[in-house]
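Notes for the one structure printed next.
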Amino acid sequence: MEPHDFSNPFDFHLDQLGIGKRTGDRGCDGMPGVWQQIADKLYSIPAFAGGYPDYGSICGNCRAAKGKRTILPADSADRDPFWSGKYFHYVSIVRVDLVADRKRGTMIEIAIEKKEIGGTPILSDIKWKIEEGITLIMGPSGSGKTTLLREMIPRINRVGTLEGTVCYRGMPIDEVPAGTIGYVGQNPDNQLVCDKVWHELAFGLENIAVPAKTIRNRVAEIATYFGIESWFHKGVAELSGGQKQKLALASVICMDPEMVVLDEPTSQLDPISARMFWEMVVRVHEEMGISFVIVEHDSEYIYEKADKVLWLSEGMTGSYQRRFLPWQRRILDAPQMSLTEVRQKIRKLAEKTEIHTEPREVRVWQKVRNIRKAYGNENVLNIPQITIAAGVNCWIGPNGAGKTTLGKMFSGYFGKKMIKRCVMMPQDVLTIFTKDTVRDELDVEDDIPEELQEMIAPIADRNPLDCSGGEQHLTASLKFLMKHADVVILDEPTKGMDPRMKENFQKVVNMFREKKQIIIITHDIDLVGEIADYVVFLFEGDVASEGEPHEVLMQNLVYKPQVSTLFDCINTKEMEDAGLVM
Numbered sequence: 098m099e100p101h102d103f104s105n106p107f108d109f110h111l112d113q114l115g116i117g118k119r120t121g122d123r124g125c126d127g128m129p130g131v132w133q134q135i136a137d138k139l140y141s142i143p144a145f146a147g148g149y150p151d152y153g154s155i156c157g158n159c160r161a162a163k164g165k166r167t168i169l170p171a172d173s174a175d176r177d178p179f180w181s182g183k184y185f186h187y188v189s190i191v192r193v194d195l196v197a198d199r200k201r202g203t204m205i206e207i208a209i210e211k212k213e214i215g216g217t218p219i220l221s222d223i224k225w226k227i228e229e230g231i232t233l234i235m236g237p238s239g240s241g242k243t244t245l246l247r248e249m250i251p252r253i254n255r256v257g258t259l260e261g262t263v264c265y266r267g268m269p270i271d272e273v274p275a276g277t278i279g280y281v282g283q284n285p286d287n288q289l290v291c292d293k294v295w296h297e298l299a300f301g302l303e304n305i306a307v308p309a310k311t312i313r314n315r316v317a318e319i320a321t322y323f324g325i326e327s328w329f330h331k332g333v334a335e336l337s338g339g340q341k342q343k344l345a346l347a348s349v350i351c352m353d354p355e356m357v358v359l360d361e362p363t364s365q366l367d368p369i370s371a372r373m374f375w376e377m378v379v380r381v382h383e384e385m386g387i388s389f390v391i392v393e394h395d396s397e398y399i400y401e402k403a404d405k406v407l408w409l410s411e412g413m414t415g416s417y418q419r420r421f422l423p424w425q426r427r428i429l430d431a432p433q434m435s436l437t438e439v440r441q442k443i444r445k446l447a448e449k450t451e452i453h454t455e456p457r458e459v460r461v462w463q464k465v466r467n468i469r470k471a472y473g474n475e476n477v478l479n480i481p482q483i484t485i486a487a488g489v490n491c492w493i494g495p496n497g498a499g500k501t502t503l504g505k506m507f508s509g510y511f512g513k514k515m516i517k518r519c520v521m522m523p524q525d526v527l528t529i530f531t532k533d534t535v536r537d538e539l540d541v542e543d544d545i546p547e548e549l550q551e552m553i554a555p556i557a558d559r560n561p562l563d564c565s566g567g568e569q570h571l572t573a574s575l576k577f578l579m580k581h582a583d584v585v586i587l588d589e590p591t592k593g594m595d596p597r598m599k600e601n602f603q604k605v606v607n608m609f610r611e612k613k614q615i616i617i618i619t620h621d622i623d624l625v626g627e628i629a630d631y632v633v634f635l636f637e638g639d640v641a642s643e644g645e646p647h648e649v650l651m652q653n654l655v656y657k658p659q660v661s662t663l664f665d666c667i668n669t670k671e672m673e674d675a676g677l678v679m
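Using the numbering used here, the letters of the sequence shown map in sequence onto residues 98 to 679.
In structure tokens, the structure reads:
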């Protein structure tokens, strides 16, 4: 077989290198398998006789090199200083594109003097450089994170006035070519526009006039890479929340961007789907060299994978030593201890501490029976019986389990109400705001608790649509809890809230828990452990388990508060002997 011309972008079959057909053999830890063979073969080619700076150039699993995987040819000094290689592993083909790369390093440079919306300052004095890799932007709700993120997206509709510049590799952001920077937001339903999965993957490429043959190849490649072949021909409306968010990311990656901006992409996902989404993001970065800029409150997993963490507070660059530690001390101020040391400390604490746990008393308010709902020929709910307890009820379970549909049936969304005097706050709270200010929206009276007045004071005179996502959800929760209803259902009320705002939300709920039955649909298991009087775990349209929080959560392996995971490192017998469980 004739040797291939390695001076231009090229495709080559594995058998051209004398390797043969192999599949599913990505290498790492010294690059075993097919990738090692490819590296050895390329190493023997005269053009690459100088070797490689690192083997991460070939295998993205071996190490997370910043940016595109880089190969440095022996004679590169006479040409471009860097070459970039993107590698895709097929059943019998590896495609390698060698293209001249720009100078690596800074991708986005931000120099914002002031950003105002409706005359209100949102951002000021921000001078940041965002390099290749994974950058995490954190800060309290209402600090301007989403506003800042939107300034990094080319040609997106923005409101307000900006004094300053945002550049991508030295180019004004709105002059950046289409497809260079991708975006995935909180709600995939606001981003997905096509009826079928395959069409959604192809839609972006069609809009930038990519040839049909290339589109077919790219869609097949990315669908395989993301593992969505089994639902490739499904309708988008049939997908679960986790599948929709994976599709949103895959559709962006189809465009072959250099960077992707993520705005709280897991805020509507259950814990398992969220973890899978972040694992996919890390894999895309490590194997494809795509950089990510991420805004996220629930950062337990992605924090440790980030190359840089930036802090924003009150629209300005903040210092985490002053503002960050009180809220996230577990991340930055936690003592560095091994698992053995943690066990020893827990045992010592147990030796001098008397701990008694008593199940919370459950007061049944109402039992609802024979709940059934179908969409066409598909049954989505079939519940013989479910209990509504007095106080705070929390419904948990994976995306697509039927939690929101059940809430809609209770509140009369489909017609007749199953429960009288029942109202439900939707996930998309923007649909319920009708007034010009938060004060008018809540119809605040002078006789409401002083603590509540202080809580809303900072945003009372702002338009709800100008508030942050967390502020909007707190306002909406208040609006529904203040209604004259026996049962109030809140669908994902803590979406977009930082830890301090979640504390305020809990205070609000506690003000009303004796006056009405509150049902919270949530994926925030830590919140459930702190606030619930009764927990219902839904799965495939039925009640998998229900009861007092300790009874339901402690038997779970995944759907349980993080603190309980710490105690799992000690076996049950040790915990019983220490008096930590009864």
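Ideal Cβ positions, reconstructed from N, Cα and C, are used throughout, including at glycine.
Evaluate residue i with the Cβ neighbour count: other Cβ atoms within 10 Å of its Cβ, from every protein chain shown; 16 or more gives buried, anything less gives exposed.
i    : result
E589 : buried
L289 : buried
D172 : Model confidence at D172 stands at a pLDDT of 35, short of 50, so the residue's coordinates are unreliable; what they give is reported in the following sentence. It counts as exposed.
G324 : exposed
Y472 : exposed
L654 : exposed
R315 : buried
S327 : exposed
G338 : buried
T619 : buried
Y510 : exposed
V381 : buried
P523 : buried
A371 : buried
T531 : exposed
A146 : The predicted position of A146 is uncertain, since its pLDDT is 42 and thus under 50; a value taken from the coordinates is nonetheless stated next. Exposed is the call here.
A174 : The pLDDT assigned to A174 is 33, lower than 50, so where the model puts this residue is not dependable, and the model offers no usable value.
T244 : buried
G236 : buried
D558 : exposed
G85  : Outside the modelled stretch of the chain, which goes from 98 to 679, sits residue 85, for which no answer is possible.
For the putative contact between residue i and residue j, defined by C-beta atoms under 8 Å, what is the C-beta separation to the nearest angstrom?
i    : j    : result
A208 : G261 : 5 Å
K500 : M521 : With 8 Å as the limit, K500 and M521 do not qualify as a contact, their Cβ atoms being about 11 Å apart.
V632 : E643 : 7 Å
I622 : Y656 : 6 Å
S410 : S565 : About 13 Å; that fails the 8 Å criterion.
I278 : M249 : 7 Å
F577 : T591 : In fact, because the Cβ distance is near 14 Å, the residues do not count as touching under 8 Å.
D286 : K341 : 7 Å
E57  : G202 : There is no way to answer for residue 57, as the model of the chain reaches only from 98 to 679.
Is the beta carbon of residue i sitting closer than 8 Å to the one on residue j?
i    : j    : result
D583 : N496 : no
C351 : G301 : yes
G593 : S238 : yes
I234 : I399 : no
V357 : C291 : no
Q482 : P362 : no
V263 : I205 : yes
D360 : L539 : no
L635 : W492 : yes
T528 : N560 : no
Closest by CA to residue i, which one among the options?
i    : options                   : result
A275 : P354, M598 and R380       : P354
E397 : S410, M385, G386 and E376 : E376
V65  : V489, S348, M598 and G644 : Look at the range of the chain in this structure, 98 to 679, and you will see that residue 65 is not part of it.
I97  : S348, L336, A306 and G332 : Because the chain is modelled from 98 through 679, residue 97 falls outside the range shown and cannot be assessed.
R466 : E228, D639, Q550 and K442 : D639
E547 : M608, K532 and F577       : M608
Q569 : K514, D286, N601 and V526 : V526
L562 : K470, I214 and M268       : I214
I516 : L344, K331, T484 and K226 : T484
S388 : I369, D595 and I227       : I227
E645 : A486, T311, S337 and L359 : A486
I369 : D360, V381, K343 and H382 : K343
D404 : T232, D630, E611 and G236 : T232
T258 : P218, K293 and A629       : P218
R536 : E637, E458, K331 and L575 : L575
E498 : S508, K599 and V477       : First, the residue type needs correcting, since residue 498 is Ala and not Glu in the sequence shown. Of the candidates S508, K599 and V477, the one whose C-alpha sits nearest the C-alpha of A498 is V477.
For residue i and chain D, any beta-carbon pair shorter than 8 Å?
i    : result
V633 : The displayed structure is made up of one protein chain only, and chain D is not part of it.
Complete alpha helix (DSSP H) runs within the stretch 485-525 (minimum length 4 residues, chain order) = Counting only runs of 4 or more, we get 500-508.
Complete runs of the alpha helix (DSSP H) confined to the stretch 631-663 [at least 4 residues]: 646-650
As an exercise, report each continuous alpha helix (DSSP H) stretch of at least 4 residues that is fully enclosed by the stretch 286-348, in chain order. Runs of the alpha helix (DSSP H) inside the stretch 286-348: 294-304 and 309-322.
Whole runs of the beta strand (DSSP E) within the stretch 251-278, excluding any shorter than 3 residues: 258-265
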